[in-house]
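This report refers to the structure that appears directly beneath it.
Numbering (my numbering), first residue to last: 4 to 246.
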């Protein structure tokens, strides 16, 4: 079994191969997201704690969280499920997937270092790779550099410089997302003012409508009264004429 070990703090990863069945017995029946003592992999990993992040079997079917079996199952999948890509709108398909429990059929097991031990491991913890891309969101930049709301976030954007095909030095930096600027506040005030104006206009329209409805109802009542009075007057005149 191949063990793919990743160290998020250094940005490095290392692949080791273990053929000893006795050492692999300590990994069987473990679930994804479960933390294990890495000393079972070898003496050089003493003091390390690792978390199982996934894996795949010999045929390439990946492990999936939430399927409590160490075998392969066929699930009816749709858009949004891991291990399935929708080809048509509304399409569902039954696909094979590996359970989240480590078994003997696993060919590659992925581990992530949670706690680093005392010994340095070559190719994993003895060096570090700088992050090529930094965060884009304003709050995440503030969290990375421990900034306050008053600090200017634009001065702390992680940019990279490279040479283009034409031999020019080009600097690339991400566009900061969710950055509160005076223009953003102005647009927010404009949206609020438009909303308030719409509410007031709706109130005025409702009041005018009620006024028109009341006027029409009064006109209808007056017309009905005049009609009834006309009928009564005609009946009286007819009675007087008959007498």
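Even glycine gets a Cβ: it sits at the ideal position worked out from N, Cα and C.
By the neighbour-count criterion, in which a residue is buried when 16 or more other Cβ atoms sit within 10 angstroms of its Cβ, residue 73 is buried. Secondary structure at residue 112: strand, using DSSP grouped into helix, strand and coil. Under the three-state reduction of DSSP, residue 214 is assigned to helix. About 6 Å separates the Cβ atoms of residue 117 and residue 53, confirming a contact at the 8 Å cut-off. Nearest to residue 13 by alpha-carbon distance, out of 135, 103 and 90, is 135.
179 is the residue among 150, 26, 179 and 204 whose C-alpha sits nearest the C-alpha of residue 137. Annotation: residue 144 is outside any beta strand (DSSP E); the continuous alpha helix (DSSP H) that includes it extends over 141–148.
Three or more beta-carbon pairs separated by less than 8 Å link the stretch 32–52 to the stretch 99–118, which places the two stretches in contact.
Residue 128 sits buried, since 16 or more C-beta atoms from the chains shown fall within 10 Å of its C-beta. The alpha-carbon of residue 59 is positioned some 34 Å away from that of residue 140. Counting of Cβ neighbours within 10 angstroms places residue 113 among the buried residues, the total reaching 16 or more. For residue 181, the secondary structure class from DSSP, reduced to helix, strand or coil, is coil.
Remark: C-beta atoms of residue 100 and residue 75 approach each other more closely than 9 Å.
A Cβ-Cβ distance of about 7 Å is found for the pair residue 177 and residue 160, placing them in contact under the 8 Å criterion.
The straight-line gap separating the alpha-carbon atoms of residue 5 and residue 172 is approximately 42 Å. Put simply, the backbone Cα of residue 77 is about 12 Å away from that of residue 87.
Distance from the CA atom of residue 174 to the CA atom of residue 164, rounded to whole angstroms, is 4 Å. Under DSSP, residue 160 forms no beta bridge with any residue. It is roughly 42 Å from the alpha-carbon of residue 32 to the alpha-carbon of residue 145. DSSP places residue 5 in the strand class (E or B) of the three-state scheme.
Residue environment: residue 35 is assigned as buried (16 or more neighbouring CB atoms within 10 Å of its CB, all protein chains considered).
The C-alpha of residue 221 lies about 26 Å from the C-alpha of residue 238. Per DSSP, reduced to three states, the secondary structure at residue 192 is helical.
The alpha-carbon separation between residue 223 and residue 184 amounts to approximately 58 Å. Residue 61 sits close to residue 110, with the two beta carbons spaced by under 9 Å. Distance from the Cα of residue 107 is smallest, within the candidate group 151, 28, 200 and 94, for 28.
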